[in-house]
Structure formats: C-alpha cells, structure tokens
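Following: one structure in structure tokens, then a few remarks.
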Amino acid sequence: NAGVMQNPRHLVRRRGQEARLRCSPMKGHSHVYWYRQLPEEGLKFMVYLQKENIIDESGMPKERFSAEFPKEGPSILRIQQVVRGDSAAYFCASSPFVFGQGGPGANVLTFGAGSRLTVL
Amino acid sequence: ELKVEQNPLFLSMQEGKNYTIYCNYSTTSDRLYWYRQDPGKSLESLFVLLSNGAVKQEGRLMASLDTKARLSTLHITAAVHDLSATYFCAVVSITNKLIFGTGTLLAVQP
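As given, the protein sequences belong to chains L and X, one line each in that order.
Just so you know, we're using this note's numbering here: the first sequence kicks off at 1 and counts up by one.
Just so you know, we're using this note's numbering here: the second sequence kicks off at 1001 and counts up by one.
Take a look at the structure:
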C-alpha cells in the first residue's frame, strides 16, 4: 500500500498563474481532506470531499480556490491567479470512512507528504 | 467554533530532562490526536486518545486525555536529541473535522 500520494512535492509559480495539486488517497479510502500549513503555523482545514462530492468546504477561501474528487483519478486542489500569500504546504489526508464515525478504522486519518507551493 | 491551544510554543530542553506539553481545547470532544512533524516532512501519528482518562505511552513519550478539563498532555521523559521536532495536538470537532493546535517546537540540546 503506497500510502497517500501527493504531487508535485514542490511547485513554484509566479503571481497570477494557476497551481494544481494532486492527491491520490490510500487504496480503499474514499474520503479526502485538504489542509494548508502556512510557515511557522499549524494545519488549517480547507475542504472535505468524497468521490464526486464536496461535503464540507468551510475552510476554503471564497475566491480562486476549488477542489474536486472525481469518480476516477486523484483529488485536485486548484488555485487560480496565485498570490504570494498562497505560499504554503498543502497536505492531503484520507480515510476509509467518515472520519470519526464507525469502528476503529474510522479513527484513522493518513496524511500525505505534502505539496509545497512557492509563489514568486 | 472549536479552538485548540498548545503551550509552550517553543521548548528548549536538555537531554535527560523531563517536560510536559499542554493542549487545551474549547468545546467538548472525546477524541484527540498527537502528531509529530519533522522540518519539511509530513505528519507522523503518535497517539490517538479516544476516551476520558485515556493514557498511552510509546518510548519516552506519554499522552493523556482529560475530557472534562478539555486538556491533554504530552509528557517527555529523559529527552534525547532525536525527539527534536514540532508536536501538534489535534481535536475532532462535532462536524468530524480534525482541528490542529498551534504546535510546539521542541529542541533537545545535548
């Protein structure tokens, strides 16, 4: 089991460009969470998705950010017209169930290695 | 809104000493996690605490949870340099999101 795979690991963009970050959850996991970590800070929740559905996007900025988790393929976090303040590490996590509900397996949230975005 | 606070934010320790990191949270939750993060790396799960009074130990680290006080502690015994990292606690909200604390940067000096 390869774990949660994120790519690219490092991404450099100029202001105004688009950034696309990809996350392939662990095999058998259909629940994906995205978090953002600004330098010297903790992780902040952004969005929770299940296959083809956004369940909770309460942590997403209202503009320029979007996320999807299609029926086939990885989850994508898309940032349009990036600004310097978007520079951060973006972590994806996956779970086999709704996190926190159900049996012991529901308490597992496995994080990927992160994608580090630098905006010049 | 659930808020999670850790203290101290930075901890410089000598090898061999003991210390405790505190994690307070603002609303009721019965599930708390401790993670370790090395610079530029992802998060490594250390402990999952699922009930009031839960205590777990792994090596030189011991974590406990008091849901009534909304407090968890991470106790470090006889610190070694390899424990240098940032430690996060995280609490599950009523909407099943994991809310992270601010982190504690631990530096163990020889």
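Heads up, the beta-carbon is just placed ideally off N, CA and C, and yes, glycines get one too.
Because the structure is a prediction, the values reported are computed rather than measured.
Assigned exposure category for residue i - 16 Cβ within 10 Å defines buried
i: L/Q6; result: buried
i: L/P25; result: buried
i: X/F1010; result: exposed
i: L/H31; result: buried
i: X/S1026; result: exposed
i: X/D1082; result: exposed
i: L/L77; result: buried
i: X/A1069; result: exposed
i: X/A1078; result: exposed
i: X/T1028; result: exposed
i: X/S1012; result: exposed
i: X/L1106; result: buried
i: X/G1103; result: buried
i: L/L109; result: buried
Cβ shell of residue i (< 6 Å), same chain only, five flanking positions each side left out
i: L/D56; result: Y48
i: X/R1031; result: L1050, V1092
i: L/E68; result: I76
i: L/R13; result: A19, V82, V119
Three-state secondary structure assigned by DSSP to residue i
i: L/R84; result: helix
i: X/D1082; result: helix
i: L/H29; result: coil
i: X/V1004; result: strand
i: X/T1102; result: coil
i: X/K1041; result: coil
i: X/T1095; result: coil
i: L/K44; result: strand
i: L/Q17; result: coil
i: L/E63; result: coil
i: X/K1129; result: Outside the displayed range of chain X (1001 to 1110) lies residue 1129 of chain X, so it cannot be described from this structure.
8 Å CB neighbourhood of residue i in its chain, flanking five on each side removed
i: L/R9; result: A113, G114, S115, R116
8 Å Cβ cut-off: residues of chain A touching residue i
i: L/G28; result: The structure shown contains no chain A; its protein chains are L and X.
Whole-number beta carbon distance between residue j and residue i, since they are thought to touch under 8 Å
i: L/K71; j: L/E52; result: 5 Å
Own chain partners of residue i with C-beta closer than 7 Å, once the 5 adjacent residues on each side are dropped
i: X/D1038; result: A1085
i: L/R64; result: I79, Q80, Q81
i: L/M46; result: W34, Y35, R36, G59, M60
ask   = Do three or more CB pairs link the region 1092-1104 of chain X to the region 1053-1064 of chain X at distances below 8 Å?
value = Here the region 1092-1104 of chain X does not lie against the region 1053-1064 of chain X, with fewer than 3 beta-carbon pairs under 8 Å apart.
ask   = Does the pairing of the region 1060-1078 of chain X with the region 1017-1036 of chain X give three or more beta-carbon distances under 8 Å?
value = The answer is yes - the region 1017-1036 of chain X touches the region 1060-1078 of chain X, with three or more Cβ pairs under 8 Å.
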